[in-house]
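No gaps in the numbering here: position 136 of the sequence shown is 155 in this note's numbering, and each next residue is one more.
Ideal Cβ positions, reconstructed from N, Cα and C, are used throughout, including at glycine.
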Amino acid sequence: MKCLDAGTKKDFANSLIFWASRPYVFVLVLAFMLTPSVRMAGALESGADFLNIGAGARPAAMGSAFTAVSNDANAVYYNPAGLSAINRRAASFMHADWLMDGNYDFAAFAVPFKSFSAALSITRLDSGRFEARGADGRAAGGFEASDLSVAAAFSRTLGSNSTMGFTAKYIASSIAGYRATAVAFDAGYIRKLSASGGLSMGVAVRNMGRGLKYAEQRDDLPLSVSAGISACVFDAMTLVLDVKRLVYDKATSFAVGSEYNMFGSMFLRGGYSNRIAGAGDMGNISGGIGLKLADVAVDYAFAPFGNFGATKSLSLNYKF
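This is the structure in structure tokens:
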């Protein structure tokens with residue numbers, strides 16, 4: 020992403036005023052602000068919550084505010100429209116130590132073609148083994164739980180300033196011997212708001228589908244609508260803001276993040292998100308570091324998770 024140079028910094032305020040004055044932007048903001056809301060982790064209605072975890076240590080360190088930033092292989096998760104920003108083949112691998120001794124893994128491969136870009140990804144959460152107890156509280160054996168998502172994404176440009184993308188994914192969930200599957204779709208849009216590309220906005224709708232059915236019970240997928248903005252305000256600083264609405268859960272959250280480029284090879288990142296209820300201000304702060312050498316980048320992120328502890332993730336990105 021190119022930052023706003025001296026000749027285009029004045030576009031920053033003008034672009035914000037222009038887009039903020041659009042009627043549909045006003046309606047979206049009202050929908051987010053006025054619809055009754057609860058915090059995540061406080062009475063969710065939908066299932067398959069592993070689809071909300073995220074992808075990549077870089078976004079995780081920035082509060083997962085990546086709707087308008089998506090410009091690498093992780094775009095297949097956050098906003099498929101971002102795949103159009105990839106000009107070389109890219110691969111991304113991530114591992115995270117998840118809650119209660121769980122393991123979370125994500126891998127993606129993206130390829131740019133002449134008129135479009137495409138990507139494949141796989142996401143897996145192994146929640147480990149749980150102890151089951153009977154009505155009297157005594158141990159009654161144990162059970163295992165795991166989740167899987169396989170996705171294919173497509174993106175193309177719309178003129179010189181806009182991109183759009185779509186994702187189709189197969190979802191499978193298994194718990195205590197019961198298995199459920201579903202098909203879901205994502206759609207995204209990104210628009211550059213300045214001539215330099217240093218200011219952009221993005222919108223993404225994720226997890227559109229019928230839901231997972233275990234035996235006689237069907238759980239809705241975590242349908243969400245996200246809107247974000249990204250600004251490269253200095254030569255080495257990128258600031259991001261996301262607002263996310265979980266439709267069925269009636270939960271609205273926001274996240275802010277930053278990335279500072281040191282020497283072109285080291286990146287310091289930080290973020291804040293209010294998506295975890297009861298975590299307190301400090302419990303919602305994330306951070307991380309990234310190192311880049313030629314075409315290889317290694318990223319690390321630390322993200323507190325309220326009373327559940329913290330998650331640590333490591334990812335490897337390669338362009339070729």
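Quick check: the Cα distance between residue i and residue j, rounded to an integer number of angstroms?
i, j, result
"Tyr337", "Ala109", "6 Å"
"Ser89", "Gly101", "5 Å"
"Ser146", "Asp124", "11 Å"
"Gly75", "Tyr96", "9 Å"
"Val57", "Asp268", "Residue confidence for Val57 is low, a pLDDT of 41 falling below 50, so the modelled location carries little weight and cannot support an answer."
"Ala246", "Lys263", "7 Å"
"Asp314", "Leu335", "11 Å"
"Met256", "Ala320", "18 Å"
"Asp254", "Glu278", "11 Å"
"Ala199", "Ser193", "6 Å"
"Gly283", "Lys232", "48 Å"
"Gly73", "Arg225", "12 Å"
"Ser181", "Ala195", "45 Å"
"Gly201", "Gly184", "The sequence shown places Ala at residue 201, not Gly. Cα-Cα distance, rounded: 21 Å."
"Leu212", "Ile141", "32 Å"
"Ala316", "Phe273", "27 Å"
"Pro241", "Tyr189", "14 Å"
Below 8 Å on the Cβ atoms is my guess for residue i versus residue j; work out the distance and round it to an integer in Å.
i, j, result
"Phe69", "Ala92", "Between Ala92 and Phe69 the Cβ distance is about 19 Å, and since that is not below 8 Å, they are no contact."
"Ala187", "Phe204", "6 Å"
"Asp261", "Ala94", "Their Cβ separation, rounded to whole angstroms, is 14 Å, which puts Asp261 and Ala94 out of contact at 8 Å."
"Val266", "Val252", "Contact flag wrong, Cβ pair sits at about 32 Å."
"Ala138", "Ala172", "5 Å"
Let me know if residue i comes out buried or exposed under the rule of 16 or more other beta-carbons within 10 Å of its beta-carbon.
i, result
"Ser332", "buried"
"Met281", "exposed"
"Gly221", "buried"
"Glu235", "exposed"
"Met285", "exposed"
"Arg294", "buried"
"Ala270", "buried"
"Gly312", "As written in the sequence, residue 312 is Leu, which differs from the Gly given in the question. It is exposed - the Cβ of Leu312 has fewer than 16 other Cβ atoms within 10 Å."
"Arg77", "buried"
"Ala237", "Before going further, note that residue 237 is Arg rather than Ala in the sequence given. So Arg237 ends up on the exposed side."
Looking only at its chain, what residues have a beta carbon closer than 6 Å to the beta carbon of residue i, apart from the 5 residues adjacent to it on each side?
i, result
"Asn98", "Thr86, Ser89, Gly207, Gly221 and Ala223"
"Tyr291", "Gly82, Val275, Asn303 and Ile304"
"Ser136", "Leu102, Ser103, Ile105 and Ser174"
"Arg143", "Asp124 and Leu167"
"Gly289", "Ser277 and Gly306"
"Ala250", "Leu218 and Leu258"
"Ile248", "Ala87, Met220 and Leu260"
"Asn122", "Asp145"
"Asp318", "Ala76, Arg77, Gly309 and Ser334"
To which residues of the same chain is residue i closer than 7 Å at the C-beta, ignoring the five residues directly before and after it?
i, result
"Asn106", "Pro131"
"Ala322", "Ala79, Ser305, Ala329 and Thr330"
"Phe339", "Arg107, Arg108 and Asp314"
"Arg210", "Asn180, Ser181, Ser219 and Met220"
"Leu287", "Tyr279, Met281 and Ile308"
"Gly228", "Ala201, Val202, Ala203, Phe204 and Leu240"
For residue i, which residues in the same chain have their Cβ closer than 8 Å to its Cβ, ignoring the five residues on either side in sequence?
i, result
"Ser134", "Arg175"
"Tyr197", "Tyr233 and Ala234"
Does the contact criterion of 3 or more C-beta pairs under 8 Å hold for the region 112–122 versus the region 304–316?
With a cut-off of 8 Å, the region 304–316 and the region 112–122 do not count as touching, because too few Cβ pairs lie within range.
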